[in-house]
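Protein chains: 2
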Amino acid sequence: MEPLLPKFDSAFSIDCVIFGFEAGELKVLLIERNEDPFKDWWALPGNLVEADESIEDAATRILYELTGLRDMHMEQFHTFGAVKRHPLGRVITVAYYALIRIIGQKEVKPVTKYAKNAAWRSVNDLPKLAYDHSEIFETSIQKLRRRLAYQPIAFELLPEKFTLTQLQLLYEAILNKKLDKRNFRKKMLSYGFLKELDEKQKGVSYRAAKLYKFDRRKYFKIFQNDLTPDN
Amino acid sequence: MEPLLPKFDSAFSIDCVIFGFEAGELKVLLIERNEDPFKDWWALPGNLVEADESIEDAATRILYELTGLRDMHMEQFHTFGAVKRHPLGRVITVAYYALIRIIGQKEVKPVTKYAKNAAWRSVNDLPKLAYDHSEIFETSIQKLRRRLAYQPIAFELLPEKFTLTQLQLLYEAILNKKLDKRNFRKKMLSYGFLKELDEKQKGVSYRAAKLYKFDRRKYFKIFQNDLTPDN
DNA sequence: ATATACTGTGTATTTTTTACACTAACTAAA
DNA sequence: TTTAGTTAGTGTAAAAAATACACAGTATAT
């Protein structure tokens, strides 16, 4: 390969906004940095892209290194490229969000040395983050809200079997507003991609609710691609 | 600045999908390459990001160099990072689309040496493009379609004064489907951000239509930010 | 048995979307 | 000045979707 391209002292990185849902709250996975710059600050998990991996592969790898999770739903949402966003050099970062099921997950432990800690934090109670990560986070949640309207992403955050109330609480947490119970259920069921199970919630100290699951096959049959009506 | 970051033989680039609207058709500005690789192929205009400019600045600059236009509406829509997407080295490209008013514009002439020609091509009649530019283009038009539903981007493509029929033709070109005339007008006018002018179309060989303009001030008053209903 | 807590359901009203076709206005040409 | 040609501009009824709204039923815990 001829060196026809100019060389920069520059690098690509990936930053991940990892969303989870727990106890009725939307959470995001942060790491506490153990190295300069921004030692002791909270930050979004991220890392540099290797020379021989695509950015999608890098995103998958980085998420795995941090959470031990594979096959997560990840989506690129924006690229941040201010000149001074990284104090040590020119780094353009491609930001992804990932949606994961917290429940039943073994504790997330960062494998990388640069983090001394990792924690789920409520999106309503975030500290100031390292680098431009606060801005990245803000962008991510806006994109997430919009995508919720036309893609079945909520189900990535819930356990496989869930109640309609759990689903509603999740929508409310993402959209940050209350929804009407009857109207919500009517609309969700009208789509036809929720499968009612012969099974009920367990371990609650009140009437147990029916469990449902998201029927991906039906979803794709109904909407070739998304929930946008096209007229 | 300490060299704490690993160095890659790598670079960032910007590629621009420049949309225009003319003669009832949605067009895209392509350049014919004059250099290897992909000599003589059609491609999206693009270039490398300099070490001291943000990606937004780079996008603005590159568009200017190619079209002589400034202050265009540009929006980042996706970043492409396959390892082998560029045959000469690792190049991650951030793709933007720009919406420009073709009409009354002086001819676009590429200023860069690597292009021997630039031309507006109908989006329905594109050749196979250099690199992964066909894929980039496909993504751009999908994003454009979606954004049309919640952002007032159509007006960037029309002259300042336009008729409702022109607006409708543009929507039809972007969405690639016919719309009902009465319903379209009713809906557009119901938003309240179109200002009817005391002026009519000129130079047509039939009844002249009323001219309208997009009232940005009203738009922002009505929708803080976008056209999405939030209930 | 009773208190507690959440589940699950229907209807009426309003709003939005859709389908649909003709006359009026203007220009150009004869 | 008449006529042909072309687009502008307009309303209504029906269907569909969104909204607002409250209580009885069922399971658990004590």
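First to last, the protein sequences are chains U and D. Under this note's numbering, the first residue of the first sequence carries the number 407, and numbering increases by one thereafter. Under this note's numbering, the first residue of the second sequence carries the number 407, and numbering increases by one thereafter. Glycine is no exception: its CB is placed at the ideal position from the N, C-alpha and C atoms. Please read all numbers here as calculations on a predicted model, not as lab measurements.
Through-space distance from residue j to residue i, alpha-carbon basis
{"i": "L576 of chain D", "j": "I424 of chain D", "result": "15 Å"}
{"i": "F483 of chain D", "j": "A464 of chain U", "result": "19 Å"}
{"i": "S540 of chain D", "j": "F629 of chain D", "result": "35 Å"}
{"i": "S416 of chain D", "j": "P493 of chain U", "result": "19 Å"}
{"i": "L532 of chain D", "j": "F543 of chain D", "result": "10 Å"}
{"i": "F444 of chain U", "j": "R551 of chain U", "result": "29 Å"}
{"i": "S596 of chain D", "j": "K608 of chain D", "result": "26 Å"}
{"i": "A457 of chain D", "j": "D442 of chain D", "result": "24 Å"}
{"i": "Y470 of chain U", "j": "P451 of chain U", "result": "11 Å"}
{"i": "A449 of chain U", "j": "C422 of chain D", "result": "31 Å"}
{"i": "T466 of chain D", "j": "M594 of chain U", "result": "43 Å"}
{"i": "L475 of chain U", "j": "I559 of chain U", "result": "17 Å"}
{"i": "R622 of chain D", "j": "T518 of chain U", "result": "49 Å"}
{"i": "P635 of chain U", "j": "F620 of chain U", "result": "Residue confidence is low: P635 of chain U scores 39 on pLDDT, short of 50, so the model does not pin down where it sits. No coordinate-derived value is stated."}
{"i": "I508 of chain D", "j": "A429 of chain D", "result": "10 Å"}
{"i": "M480 of chain U", "j": "L435 of chain U", "result": "14 Å"}
{"i": "N631 of chain D", "j": "I506 of chain U", "result": "With a pLDDT of only 49 at N631 of chain D, under 50, the local geometry of the prediction cannot be trusted, and the value read off the model is given with reservation. Using only the alpha carbons, I get a separation of about 29 Å."}
{"i": "S528 of chain U", "j": "R553 of chain D", "result": "29 Å"}
{"i": "M478 of chain U", "j": "K601 of chain U", "result": "22 Å"}
{"i": "E566 of chain U", "j": "K583 of chain D", "result": "38 Å"}
Chain U contact for residue i (CB, 8 Å cutoff)
{"i": "F561 of chain D", "result": "no"}
{"i": "S540 of chain D", "result": "no"}
{"i": "R496 of chain D", "result": "yes"}
{"i": "S528 of chain D", "result": "no"}
{"i": "F418 of chain D", "result": "yes"}
{"i": "Q574 of chain D", "result": "no"}
{"i": "L410 of chain D", "result": "Unreliable positioning characterises L410 of chain D in this predicted model, as indicated by a pLDDT of 44, which lies under 50. A coordinate reading is not provided."}
{"i": "Y618 of chain D", "result": "no"}
{"i": "F629 of chain D", "result": "no"}
{"i": "V610 of chain D", "result": "no"}
Extent of the continuous alpha helix (DSSP H) to which residue i belongs
{"i": "I547 of chain U", "result": "539-554"}
{"i": "K534 of chain D", "result": "Note, K534 of chain D: premise wrong, no alpha helix (DSSP H); not H, not E."}
{"i": "T466 of chain U", "result": "461-473"}
{"i": "F626 of chain D", "result": "622-628"}
{"i": "E605 of chain D", "result": "Unbroken run through E605 of chain D is the beta strand (DSSP E), 600-606; no alpha helix (DSSP H)."}
{"i": "L563 of chain U", "result": "560-563"}
CB of residue i within 8 Å of CB of residue j, strictly
{"i": "A615 of chain U", "j": "F427 of chain U", "result": "no"}
{"i": "K433 of chain U", "j": "W526 of chain U", "result": "yes"}
{"i": "G487 of chain U", "j": "V500 of chain D", "result": "yes"}
{"i": "V489 of chain U", "j": "S460 of chain D", "result": "yes"}
{"i": "R591 of chain D", "j": "L570 of chain D", "result": "yes"}
{"i": "I437 of chain D", "j": "A521 of chain D", "result": "yes"}
{"i": "F561 of chain D", "j": "L617 of chain D", "result": "no"}
{"i": "L564 of chain D", "j": "Q572 of chain D", "result": "yes"}
{"i": "L585 of chain D", "j": "Q574 of chain D", "result": "yes"}
{"i": "L473 of chain U", "j": "T485 of chain D", "result": "The residue asked about is misnamed: residue 473 of chain U is Thr in this sequence, not Leu. No, the Cβ-Cβ distance between T473 of chain U and T485 of chain D is not below 8 Å."}
CB contact check: residue i to chain D, cutoff 8 Å
{"i": "E459 of chain U", "result": "yes"}
{"i": "G487 of chain U", "result": "yes"}
{"i": "Q557 of chain U", "result": "no"}
{"i": "H479 of chain U", "result": "no"}
{"i": "V423 of chain U", "result": "no"}
{"i": "Q607 of chain U", "result": "no"}
{"i": "V434 of chain U", "result": "no"}
{"i": "L633 of chain U", "result": "Here L633 of chain U scores only 43 on pLDDT, less than 50, and its place in the model is too uncertain to base an answer on."}
N- and C-terminal bounds of the beta strand (DSSP E) containing residue i
{"i": "N589 of chain U", "result": "Per DSSP, N589 of chain U belongs to no beta strand (DSSP E); it is in the alpha helix (DSSP H), 587-597."}
{"i": "A579 of chain U", "result": "Counting along the chain, A579 of chain U falls outside any beta strand (DSSP E), though it belongs to the alpha helix (DSSP H) covering 570-581."}
{"i": "L505 of chain D", "result": "496-505"}
{"i": "A417 of chain U", "result": "416-428"}
{"i": "A524 of chain U", "result": "521-528"}
{"i": "L450 of chain D", "result": "Per DSSP, L450 of chain D belongs to no beta strand (DSSP E) and is neither H nor E."}
{"i": "V441 of chain U", "result": "In the sequence under discussion, the amino acid at residue 441 of chain U is Glu, which differs from the Val named in the question. Premise fails: E441 of chain U is in no beta strand (DSSP E) and is neither H nor E."}
{"i": "E481 of chain D", "result": "479-486"}
Exposure of residue i, with buried meaning 16 or more beta-carbon neighbours within 10 Å
{"i": "R439 of chain D", "result": "buried"}
{"i": "N453 of chain D", "result": "buried"}
{"i": "S546 of chain D", "result": "buried"}
{"i": "V455 of chain U", "result": "buried"}
{"i": "Q548 of chain U", "result": "exposed"}
{"i": "A555 of chain D", "result": "exposed"}
{"i": "Y356 of chain U", "result": "The requested residue 356 of chain U does not occur in the structure, where chain U is confined to residues 407 to 637."}
{"i": "N637 of chain D", "result": "At N637 of chain D, the pLDDT of 33 sits below 50, so the modelled position is not reliable and the matter cannot be decided from this model."}
{"i": "A536 of chain U", "result": "buried"}
{"i": "D446 of chain D", "result": "exposed"}
{"i": "F626 of chain U", "result": "exposed"}
{"i": "L603 of chain U", "result": "exposed"}
{"i": "D538 of chain U", "result": "buried"}
Contact test: residue i Cβ vs the ligand NAD heavy atom, cutoff 7 Å
{"i": "K567 of chain D", "result": "With respect to the ligand NAD, the structure shown offers nothing to examine, as it has no ligands at all."}
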